[in-house]
Amino acid sequence: MDSALSVENLSLTINGKSIIDDVSLTLERGSFSALCGRNGAGKSQLLRCMKGLRKPTSGRILLNGEAAEAKERMKKVALVFQSAEMQIVSQSVEKDIAFGPENLGFGRDEVRRRVDEALSLMGLEDKAKQRPQTLSGGELRKTAIAGVLAMKPDVILLDEPFANLDYPSTLTVIKALVSLHEKGYTILVVSHEAEKFLAHTDMLYVMEKGRIAEAGLSSVLYNRLPSFDVYLPREAVFRELSWLNA
Ligand SMILES: Nc1ncnc2c1ncn2[C@@H]1O[C@H](COP(=O)(O)OP(=O)(O)OP(=O)(O)O)[C@@H](O)[C@H]1O
Ligand SMILES: [Mg+2]
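Under the working numbering, read the sequence shown as residues 1 to 246, first letter to last.
Structure, rendered in structure tokens:
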């Protein structure tokens, strides 16, 4: 087993209320995983703990097999928030992508290299000079993903990456994630819209009331999702779920 990110017996209590209860999971290097579950199950809080934005009440988080402090995870674990526009701070797409590596202290040449690579990975080359405010929803989300790629993270966590996207933008983001997976990135997607990406994920986790209720291969577990109120087309067949087949 080659673990990129592991969570061991993680619990989080806020004001005496249990939010995450003894969660353990491992993201294998290069894996593409999905995390589903009802509103309030604790998915976003779990991502915040993984990234290092929130300190768990107990438990450990390991990066590349070793216990990693929040400070280190902040640098190496990328989190793309649901509201991509909140993450965009600059006057052009390329300046926005440069923001992360500049903050990490890289020199001008290295920043340029990373920006070009991220633009190319996300297919945003022709948008480099455009003002973020004029981008479509899908382009905006791709810019947010490119911004974290430029920091060369070990793991990419995405919280509801399909929220508010129309059909073409959704396809754009699915394609981008599939292509990052093919390039070897370790990815975890949190989303209610399981039918949009599940055909491409390796592992599936379901959270319920702060606990992992189900964990296993997406291809095996997917048809258990409706019992957790996750929508799947009736008589869905795993391989045929892919929106990319259309
Ligand atoms: N600062 C806080 N104080 C009290 N409760 C909180 C706080 N932050 C989060 N919670 C609670 O933690 C629980 C889990 O929240 P979380 O945002 O992780 O859910 P989620 O699974 O991401 O839900 P959704 O699908 O709606 O995004 C919720 O009941 C929420 O109200
Ligand atoms: Mg959430």
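Cβ atoms here follow ideal geometry from the backbone N, Cα and C, with glycine treated the same way.
- Contact between residue 47 and residue 79 holds: CB atoms are separated by about 6 Å, below the 8 Å threshold.
- Looking at the DSSP output, residue 216 shares a beta bridge with 204.
- Rounded to the nearest angstrom, the gap between the Cα atoms of residue 108 and residue 136 is 29 Å.
- Boundaries for residue 29: no beta strand (DSSP E) harbours it, and the DSSP string shows neither H nor E there.
- For residue 59, the enclosing beta strand (DSSP E) stretches over residues 58–63.
- Per DSSP, the continuous beta strand (DSSP E) segment holding residue 13 begins and ends at 3–14.
- Sixteen is the threshold: since fewer than 16 other Cβ atoms of the shown chains lie within 10 Å of the Cβ of residue 69, the residue is exposed.
- Contact annotation: the segment 200–208 touches the segment 219–237, with at least three C-beta pairs closer than 8 Å.
- Residue range 77–80 is occupied by the beta strand (DSSP E) that includes residue 78, with no alpha helix (DSSP H) assigned at that position.
- For the segment 101–186, the full-length beta strand (DSSP E) segments reaching 3 residues or more read 155–159 along the chain.
- DSSP lists 206 as the bridge partner or partners of residue 36.
- Residue 65 and residue 10 have their alpha carbons spaced roughly 16 Å apart.
- With respect to residue 239, residue 199 sits close: the two C-beta atoms are nearer than 8 Å.
- Apart from the 5 residues on each side of it in sequence, residue 13 sits with its Cβ closer than 6 Å to the Cβ of 57 in its chain, given in chain order.
- In the DSSP assignment, residue 44 falls within the unbroken alpha helix (DSSP H) covering 43–51.
- In the displayed model, residue 193 falls within coil according to three-state DSSP, outside both helix and strand.
- Just measuring C-alpha positions, the residue of 178, 119, 221 sitting nearest residue 92 is 119.
- Look at the beta carbons and you see the segment 123–142 touching the segment 172–189: at least three pairs across the two are nearer than 8 Å.
- Exclusion of residue 229 from the 7 Å shell around ligand 2 follows from its C-beta lying no nearer than that to any non-hydrogen atom of the ligand.
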